[in-house]
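See below for the structure under consideration.
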Ligand SMILES: Cc1ncc(COP(=O)(O)O)c(C=O)c1O
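Numbering (the working numbering), first residue to last: 1 to 422.
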């Protein structure tokens, strides 16, 4: 593991040089980007991979015999192999390119749940899911007559496993849980939940949108049946995501969409589906963004995911200590840094989160405010909205200091202005 002269796990300042946007000024101030849970910034290496594809070998994949098409196909499949290695998937065929986490989850809902679940069966999720991992299952329940059950949280914002054996029962056919909450930062004990799911013969989908970019994730170690995540939250471009599935389960699923690459043989009467993973990749895929996601994986692997996670844990611990100094701000979620990632939601006793977000933007500090696509969870804390600062590989303690100073300034400003919206 690399350690910089300042005692950091890797040289954060050196890493920052790879991200052109971080040099930007916003409203006259140096940008402090703390909205990484929404989307991460992109290093030059990822941007270069996109430009290189479009400038040198732009062509459609899989169907060509000419040089450009062969090069594009090789790069596209190489990127798949990089993702396979990154999450320790057993074979490249178990890695399917989608548009994002949401589409990956929808794919499982349509192509797995519709085929394998029936009225009376149960789907289990947690109370801290992103809407993408909640609504898909609500809709399946409406359509099939299955029941949706929830693993609760503790007061502190951790997953409460005390009733897991009652919640995940012989009626459970599918379990869908986030690996890290995008609001609370809570790490969900996925391995334990997977064990229980498998003990009753259910499959488990893990929403890795917030974990795969930040910590080592090994699908064989977790023993999850599906893992969904997005390229854009892990230094890659928007418009590309991944669904990992155990090959034998993917084999037994219907296609999600029809056309083009997912077909092997067609007559006027019917068609035979292509082999994995192409069975689930209808139409011309997102070639450039898949290749650039491969470059993002290279970047993260070069830092080392252990180092990425340790950096984030150190920074989270520092940020939580600094938040504890603020009298009128409350962190929403666990305050033990060993149980959470670097997504910190918070509220002020009097000032509305949107006002905080706007005041920080004037100082060049980018955070997110709102329900963060987890409305029921945010409501369960008695809020309609919370403010959220989320970190990544290029953030450092100096930026956390700016955030804390900005929050103090905002408090001063709004107490004078008399902002009392709740
Ligand atoms: C936990 C979680 N799941 C799913 C999603 C949806 O990701 P995407 O918008 O890339 O589909 C997000 C996005 O913020 C998320 O944080």
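Positions of the beta carbon are idealized from the N, C-alpha and C atoms, including for glycine.
- Looking at the DSSP output, residue 369 shares a beta bridge with 387.
- With contacts defined by Cβ atoms closer than 7 angstroms, residue 91 and residue 235 do not form a contacting pair.
- Set against 6 angstroms, the gap from the CB of residue 178 to the closest heavy atom of ligand 1 is smaller.
- By the CB criterion at 7 angstroms, residue 101 and residue 228 fall inside the cutoff.
- Boundaries of the beta strand (DSSP E) harbouring residue 263: 263-266, taken from the DSSP string.
- The beta-carbon separation of residue 346 and residue 330, rounded to 6 angstroms, stays under the 8 angstroms limit for a contact.
- Sequence-distant Cβ neighbours of residue 24 in its own chain, meaning closer than 7 angstroms and more than five residues away, are 31.
- The alpha-carbon separation between residue 323 and residue 404 amounts to approximately 7 angstroms.
- For residue 38, the closest of 130, 98, 72 by C-alpha to C-alpha distance is 130.
- When the five nearest sequence neighbours on each side are left out, the beta carbons in the same chain lying within less than 8 angstroms of the beta carbon of residue 127 are those of 150, 151, 152, 153, 376, 377, 380, in order along the chain.
- Unbroken alpha helix (DSSP H) runs of no fewer than 4 residues, entirely contained in the region 35-68, are found at 44-56, following chain order.
- Within the model, the alpha-carbon separation for residue 412 versus residue 201 is close to 56 angstroms.
- Taking the CA atoms as reference points, residue 103 sits about 33 angstroms from residue 317.
- Rounded to the nearest whole angstrom, the CA to CA distance from residue 354 to residue 409 is 15 angstroms.
- Restricting attention to alpha helix (DSSP H) runs no shorter than 4 residues, the region 129-177 encloses them at 135-144, 164-167, ordered along the chain.
- Inter-segment contact for the region 182-193 and the region 156-164 is present: three or more beta-carbon pairs are separated by less than 8 angstroms.
- Distance between residue 239 and residue 294, taken at the CA atoms: about 14 angstroms.
- By the Cβ neighbour-count rule, residue 388 is buried, with 16 or more other Cβ atoms within 10 Å of its own.
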